[in-house]
Amino acid sequence: MPVLTRLIPSPVVVDIRRGALDGLAGLLADQRISANGKLAFAISGGSGAALRRRFAPELPNASWYEVGGGTLDDAIKLADAMKSGRYDAVVGLGGGKIIDCAKYAAARIGLPLVAVATNLSHDGLCSPVATLDNDAGRGSYGVPNPIAVVIDLDVIREAPERYIRSGIGDAISNISAVKDWELGHQVCGEAIDGLAAAMARQAGEAVLRHPGDVGDDGFLQVLAEGLVLTGISMSVAGDSRPASGACHEINHAFDLLYPKRAAPHGEQCGLGAAFATFLRGDKDTARLMVEVLRRHQQPVLPQDIGFDADEFVGVVAYAPQTRPGRYTILEHLDLSTDQIRDAYADYAQAIGS
1 MPVLTRLIPS
11 PVVVDIRRGA
21 LDGLAGLLAD
31 QRISANGKLA
41 FAISGGSGAA
51 LRRRFAPELP
61 NASWYEVGGG
71 TLDDAIKLAD
81 AMKSGRYDAV
91 VGLGGGKIID
101 CAKYAAARIG
111 LPLVAVATNL
121 SHDGLCSPVA
131 TLDNDAGRGS
141 YGVPNPIAVV
151 IDLDVIREAP
161 ERYIRSGIGD
171 AISNISAVKD
181 WELGHQVCGE
191 AIDGLAAAMA
201 RQAGEAVLRH
211 PGDVGDDGFL
221 QVLAEGLVLT
231 GISMSVAGDS
241 RPASGACHEI
251 NHAFDLLYPK
261 RAAPHGEQCG
271 LGAAFATFLR
281 GDKDTARLMV
291 EVLRRHQQPV
301 LPQDIGFDAD
311 EFVGVVAYAP
321 QTRPGRYTIL
331 EHLDLSTDQI
341 RDAYADYAQA
351 IGS
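Positions 1 to 353 (the UniProt record's numbering) are the ones given, in order, by the sequence shown.
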């Protein structure tokens, strides 16, 4: 009987621990990513500048590029600036916008990417997608997975706490996203990749069930690992489906309808996941999500991030338009505006304000 296997696209190195950045140059050399340190670093003007001062002396052959923002134009400018350098790899050193720009730039010039995260705000640090603002709002661009992911928990602790806690909502939202995927399979015959679903679901459950908080190294480790596993699950599936259902449709609707007022990605996804889970009729899981999100100081009601009930109803009504062809509980129920308003009132009453 033949043995059938598949190759799973994943980083060569995943290093998550305190002090992980202390050996960055050696890690890249040992893994044959860059023996002589000929690297192009993409950094922010804030925390990135401080990290440049820290690492520049031990990486004298590296070049450093400050990323202007998180737009498609920023990513293209970054690629154009890097393409004449004959580098071994691109290193994205920063938060989500920096890493997404670095992902896109590395793909554009045909170089591997090393993702060095300075916060845990969402699961994009290891995903095969770069999310960038463009003239139409915001777009998702397919890119290769990072060749290495390095997360130094000491560096993570220096980030604003809101941008650490935001990743909690994004990780927990996997549980709702996988349920939507299963719904698409049951109703529409959509194929499910069982390995990708298992990875995403277990990453979310590990964060949901962990008793710790962001001040606890054990919890930070689980959160970081969960976000990395989520990114790999998307590569396994060849799609964002394991981590993107109604929760992310609601998130994208916030971004598109209220671009100047939108909250961090993970906060909106966590709120969307709790509401979608309630719509699905799984009220016990919805209450648990709400309990955990509140314990981590994450939003569970729209007013927690500055929106009123009517605005949230409009967001939910618009959400299916953000991912045409994707089947979630929102498409399944196909609620009218009045029905969404009633469902939200029931949700708010059930979880308590």
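Glycine included, every Cβ here is placed at the ideal spot set by N, Cα and C.
Residue i versus residue j: straight-line alpha-carbon distance, rounded
i	j	result
residue 272	residue 256	15 Å
residue 312	residue 319	10 Å
residue 302	residue 268	9 Å
residue 170	residue 43	24 Å
residue 232	residue 333	30 Å
residue 325	residue 310	26 Å
residue 215	residue 221	11 Å
residue 123	residue 338	34 Å
residue 19	residue 157	12 Å
residue 54	residue 206	34 Å
residue 8	residue 229	12 Å
residue 51	residue 336	50 Å
residue 187	residue 346	26 Å
residue 1	residue 179	Unreliable positioning characterises residue 1 in this predicted model, as indicated by a pLDDT of 45, which lies under 50. A coordinate reading is not provided.
residue 113	residue 348	43 Å
residue 95	residue 307	25 Å
residue 17	residue 217	9 Å
residue 5	residue 190	22 Å
residue 299	residue 137	24 Å
residue 103	residue 57	25 Å
Contact check, residue i vs residue j, beta carbons under 9 Å
i	j	result
residue 15	residue 155	no
residue 175	residue 208	yes
residue 21	residue 90	no
residue 246	residue 329	yes
residue 280	residue 177	no
residue 226	residue 194	no
residue 127	residue 224	no
residue 201	residue 297	no
residue 315	residue 278	no
residue 264	residue 162	yes
residue 266	residue 121	yes
residue 321	residue 148	no
residue 286	residue 351	yes
residue 159	residue 118	yes
residue 33	residue 67	no
residue 249	residue 294	no
Of the residues the options, the one placed nearest residue i, counting alpha carbons only
i	options	result
residue 275	123, 135, 202, 344	344
residue 97	48, 201, 171	48
residue 211	76, 292, 103	292
residue 197	186, 237, 166, 190	237
residue 153	296, 219, 350, 230	219
residue 87	111, 93, 101, 119	111
Sheet register partners of residue i (DSSP bridge)
i	result
residue 41	64, 91
residue 17	152
residue 293	None, per the DSSP bridge assignment.
residue 141	130
residue 117	94, 151
residue 71	133
Any non-hydrogen atom of the ligand SAH closer than 8 Å to residue i Cβ
i	result
residue 131	Among the components modelled here there is no ligand, and therefore nothing to report on the ligand SAH.
Practice task
Determine contact between the stretch 98 to 113 and the stretch 136 to 146, defined as no fewer than three beta-carbon pairs at a distance below 8 Å.
Solution key: yes
Practice task
For the stretch 32 to 45 and the stretch 53 to 62, state whether three or more C-beta atom pairs, one from each stretch, are separated by less than 8 Å.
Solution key: yes
Practice task
Check whether the stretch 67 to 74 touches the stretch 125 to 134, counting contact only when three or more Cβ pairs, one atom from each stretch, lie closer than 8 Å.
Solution key: yes
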